[in-house]
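Number of protein chains: 2
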Amino acid sequence: MVSMKDIAAACEVSVATVSKALNNQGDIGEDTKEKIKSTAKRLGYHPNFSARALKTNRTYNLGVLYKEGSGSGLTHDYFSQVLESFKNTAENSGYDITFLSNSKIRKDSMSYLEHTIYRRMDGVMVAVADYKDAEVIALLQSEVPVVTIDYLFNGRISIMSDNITGMQELLSYIYSQGHREIAYICGEESLVTTNRVSTYYRFMEEHGIRVRGEFLQKGKYRDSHAAGQITSKLLDLEQPPTCILYADDFSAIGGMNVIRDRGLRMPEDISVAGYDNILIASQLEPRLTTYQQDTVAIGCMAAEKLVSLIENPMVTPITQYTVGGELVRGRSVACIK
Amino acid sequence: MVSMKDIAAACEVSVATVSKALNNQGDIGEDTKEKIKSTAKRLGYHPNFSARALKTNRTYNLGVLYKEGSGSGLTHDYFSQVLESFKNTAENSGYDITFLSNSKIRKDSMSYLEHTIYRRMDGVMVAVADYKDAEVIALLQSEVPVVTIDYLFNGRISIMSDNITGMQELLSYIYSQGHREIAYICGEESLVTTNRVSTYYRFMEEHGIRVRGEFLQKGKYRDSHAAGQITSKLLDLEQPPTCILYADDFSAIGGMNVIRDRGLRMPEDISVAGYDNILIASQLEPRLTTYQQDTVAIGCMAAEKLVSLIENPMVTPITQYTVGGELVRGRSVACIK
DNA sequence: TAAGGTTATGAAAACGATTAAGTAAAAGGT
DNA sequence: ACCTTTTACTTAATCGTTTTCATAACCTTA
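Chains as they are written, first to last, in this note's numbering: chain A, 1 to 337; chain B, 338 to 674.
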C-alpha cells in the first residue's frame, strides 16, 4: 500500500510537504504541488483513513442505531426509507454510516455507547422503539452528538414526523366524507402512538363526537394478523364503526382481508384507512386511503442536522424539527353524506 | 479519552505491558494482568480502533455494495432481508458493516474500490444488478476479499439463490395443477433472469410443451405498473394463458389488479404466481402462490464465507454456493385437471 | 556455583498521517 | 547594502496502539 512516504521519496520532498500539497494547504509552491499530486495519482496513492482518524480524532463515520419491537430490522418500510435518505445525505457530506450493533447479539457484548466510542463515530442517529432501554438512555445522555427520530430527549436534536397533523388530516378527510363512527386501532406505546391517540381524542372532542371505548383499540404496528382479529371484534359490535383507521398500512391490509372474508364490501359497507402509504398501498383493491410520511425529508434532515451538530456545534440549535406528510386519498373511504 | 498510557501510569507499568494484559497475551503475571484490567474498567478505558487498525491493518469493517436498477435502495425486500441477515452474522463475528457509497452521489467522487481502500475495509459483499458497471468490475478484479450475491465472477466466492430449482418447483406445481399454457413475465437481464428463463424453456421442453413467443414477456422487477400492462396484453390474446408467472410478488400484484379490473376471478378464470413471498403476499386475496428465497441463509452464508476468506484465506475454497428456497402454495393457482 | 532456562516486564520502533515550529532562500522596502 | 517579510519547505513531535527485542530477576540443575 503506497503511503505519503513513498510519494515523498519519489518527489524528493518531505512527508509534511506531501501532506500539505494533497490537502491543498496554501504553504506549497504551485509546481511542487502539481508534481506531488500527479505522482500520488501515478503511484495509486490512497490516504489511510485510520492514520488520519488517529491524528485528527475525526472518523467521518456516523452510527445508526435502529431497533424496533417486532424485530423486522432493515425490512421495516418506514425506517428503511428514512435510513436510505439519511445515508444518501450523509454520504454527500462525506460521511459513511455504520450500524450500532445490538449488544445482545455481539459476542464481546459492547453496549451501544461503547460501540460508538470504540469506533470513534462522529455522531449517531437514533431510531428505536424502546426509548426506555437503559443502553439507549446511556447513549442519549452521553457526550456523543446525537439526533433522534420520532422521539424527544432533553438536550437532543430530534426529527419528528408530524403525526399530529397527519392524524388530523386523515380524520378531517374521513369526517368530511360523513363518517362519525370512527374506530382507531393504534400501535404499541410510543411517542408516535401517544401523538396519534391524543389527536384522535382531541379531534373527536372538537367535533362533538363522543368516543366510545370500544372504538379505540390497542393493536400492534405492522401486525396484520392482530389487526384482523381486532377488526373482527369491531365488526361484531352491535353498532360497528363506519370507518376503521389502522396504525399502518400493513395492519389495514389485515383488516381488509377480514372484512372481505365476511362478505362486506369496501368502502360501501365499511371504510378503512391506513398510515404510511407503503409501496403496495396503491395496488390494493380498493386503493387505500392513507397518510404518507415524508421519509426522504426526515432522513435528509436528520443527516443534515447531525452533520451540522458535529461540524458547528456552537451554532447548531438543539431543537425539535417537525416534518409534515401528505394525505393520500384512495378509494377506501366512502362518502356517506 | 483515556488511553493505555493513562492505565500504564496508574498501574506504574509500561504501555507495552498494558497492551499485552488487555489482549490476554500469555507473557504477563496474573496479578498485574488483573490489576491492569480492573483499572482499565475503573478509568473507563476503550481501545482506540483507529490506532489499532493503523498498526494491525485490520479494520473489522465489511463493505456492502448494493445498487439496483430501480433505485429502491434499502427498501428492496429481497435485498434488505439479505442485508439484515448479513449484518447480524457479521456482527456476531465482530465485524461492522459500512455501505460503499454510490460514486455518482459522492462529492469527491471515489470509486467503489477507492472507497474500499480508503476505509481499509477487510472485505466486501457485492449485490448489484449491473455487473457490467466498470467500477463494479474494477472492485471484483481487485485484491480485496469479496463475495458476490447472485452473480458469478471468476475467482470470487458467490452465494446464489437457487433460481433454477425455485423456478422448477413453481412450474412443477403449476403443471401438476393441470396448466399447460403458462406465461412468464420476466425481469431485466441478469444472471437471475437468465437462470429463470432458461429453466422455463427447459421445463417446457421436458414436458413437451411448445413455448409460444408471446408467453415469454420481458418486464421489469418490482414494477407492478409494467406488469399490469403486460398482463393486459396477455389477456387480450386470442388464446390467453391459463396461468401467468411473474418475476416477483410486486409484479404479481400489479397483474392481479388488472385481472380483477377486467372482472376476471382468480384463480377460477386465470391463475397467477409470484416470486419472493413478500410480507403481504399472505395477505393478498387470493393468497399468492410464490417461491420464498431463503434470504436469511443467503445473508448468513455470505457473511460467513467472507469472514472465513478474510481470516483464513488459504483454506477457504473459492466456490459457488447455492441456497434453496421453499415453494409457498397459496390459492392463486387453480387446479384445472 | 556457574551455566542455562524461565518468567515478567520495559524500551523503542513502527504504522501513516497532521501540524506547530523552525529555517533557509528569495523578495521587498528604504 | 542592510533589514524585514514572505515563500517554500523541513524537522520533529504526536495520535494510541502493537510487537520485537532486550533485560533483569529468579529458578533449575549438574
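Beta carbons: idealized from backbone N, C-alpha and C, even for Gly.
Bear in mind that the values here come from a model prediction, so they are computed numbers and not experimental data.
Any C-beta of chain B under 8 Å from that of residue i
| i | result |
| --- | --- |
| A/K87 | yes |
| A/A40 | no |
| A/Y118 | yes |
| A/T75 | yes |
| A/E91 | yes |
| A/N23 | no |
| A/N48 | yes |
| A/N154 | no |
| A/R106 | Caution applies to A/R106, whose pLDDT of 47 falls short of 50 and renders its modelled position unreliable; the model cannot decide the point. |
| A/S80 | yes |
| A/D6 | no |
| A/E114 | yes |
| A/A51 | yes |
| A/T59 | yes |
| A/C159 | According to the sequence as given, residue 159 of chain A is Ile; it is not Cys. For A/I159, the answer is no, since every Cβ of chain B falls outside 8 Å of its Cβ. |
Cut-off 8 Å between Cβ atoms - residues of its own chain near residue i, not counting five sequence neighbours on either side
| i | result |
| --- | --- |
| B/G556 | I522, C523, G524, A563, A564, I567, Y583, A584 and S588 |
| B/Y658 | I494, S495, I496, M497, M638 and K642 |
| A/N257 | S224 and G228 |
| A/N48 | M1 and S3 |
| A/R287 | A281, G330, R331 and S332 |
| A/Q217 | A183, Y184, I185, C186, I230, K233 and L234 |
| A/F79 | Y66, E68 and A127 |
| B/E472 | S440, S448, Y449 and L450 |
Through-space distance from residue j to residue i, alpha-carbon basis
| i | j | result |
| --- | --- | --- |
| A/L94 | A/I36 | First, the residue type needs correcting, since residue 94 of chain A is Gly and not Leu in the sequence shown. Their Cα atoms are separated by approximately 24 Å. |
| A/I164 | A/N195 | 6 Å |
| A/V197 | A/F203 | 10 Å |
| B/S278 | B/V419 | The question about residue 278 of chain B has no answer here: the residues shown for chain B are numbered 338 through 674. |
| A/A183 | B/N649 | 59 Å |
| B/N394 | B/R547 | 59 Å |
| B/T536 | B/R559 | 21 Å |
| B/V484 | B/V660 | 14 Å |
| B/T653 | B/S479 | 18 Å |
| B/N614 | B/G410 | 19 Å |
| A/G155 | B/E367 | 44 Å |
| A/E206 | A/Y175 | 12 Å |
| A/D130 | A/S190 | 8 Å |
| A/K132 | A/L139 | 12 Å |
| A/V272 | B/G591 | 21 Å |
| A/L54 | B/V350 | 24 Å |
| A/D294 | A/Y275 | 12 Å |
| A/Y151 | B/E506 | 47 Å |
CB contact below 8 Å: residue i versus chain A
| i | result |
| --- | --- |
| B/E421 | yes |
| B/E543 | no |
| B/Y552 | For the sequence presented, residue 552 of chain B should be read as Phe rather than Tyr. No, its Cβ sits nowhere closer than 8 Å to a Cβ of chain A. |
| B/E472 | no |
| B/S438 | yes |
| B/L391 | yes |
| B/T435 | yes |
| B/I486 | no |
| B/R597 | yes |
| B/G363 | no |
Beta-carbon proximity list for residue i, same chain, < 6 Å, skipping 5 on both sides
| i | result |
| --- | --- |
| A/V18 | M4, I7, A8 and I36 |
| A/A90 | L62, I97 and A303 |
| A/L100 | G63, L65, Y112 and H115 |
| B/Y397 | G431 and Y432 |
| A/G166 | Y291 and G325 |
| B/V460 | It should be noted that the sequence gives Gly, not Val, for residue 460 of chain B. Closer than 6 Å at Cβ, skipping near neighbours: L399, P482, L643 and I647. |
| B/I365 | K357 and A358 |
Proximal residues to residue i (C-beta, below 7 Å), its chain only, five neighbours per side dropped
| i | result |
| --- | --- |
| A/P240 | L234 |
| A/E84 | G299 |
| A/G44 | V2 |
| A/G178 | C335, I336 and K337 |
| A/D162 | T322, V323, G324 and G325 |
Closer than 7 Å: residue i CB and nearest the ligand NAP heavy atom
| i | result |
| --- | --- |
| B/A427 | Although the ligand NAP was asked about, the structure shown includes no ligands whatsoever. |
Could you please tell me which residues of the region 265-293 of chain A, in chain order, have their CB closer than 9 Å to any CB of chain B? Those residues of the region 265-293 of chain A placed with their C-beta closer than 9 Å to a C-beta in chain B are I278, L279, I280, S282, Q283, L284 and E285, ordered along the chain.
Contact residues within the region 560-580 of chain B, judged by C-beta distance below 8 Å to chain A: Of all residues in the region 560-580 of chain B, the ones placed with a Cβ closer than 8 Å to any Cβ belonging to chain A are S561, in chain order.
Alpha helix (DSSP H) runs contained entirely in the region 134-214 of chain A, provided each spans 4 or more residues: Entirely contained in the region 134-214 of chain A, the alpha helix (DSSP H) runs reaching 4 residues are, in chain order, 134-140, 163-176 and 191-206.
For the region 224-295 of chain A, list the beta strand (DSSP E) runs that are entirely contained and at least 3 residues long, ordered along the chain. Qualifying beta strand (DSSP E) stretches, in chain order: 243-246, 271-273 and 290-292.
Give the residues from the region 627-653 of chain B that approach chain A closer than 7 Å (Cβ to any Cβ), ordered along the chain. So the list is empty, because no residue satisfies the distance condition.
What are the uninterrupted segments assigned as beta strand (DSSP E) that are 3 or more residues long and contained completely in the region 341-429 of chain B, given in chain order? As far as the region 341-429 of chain B is concerned, its whole beta strand (DSSP E) runs of at least 3 residues are 398-404.
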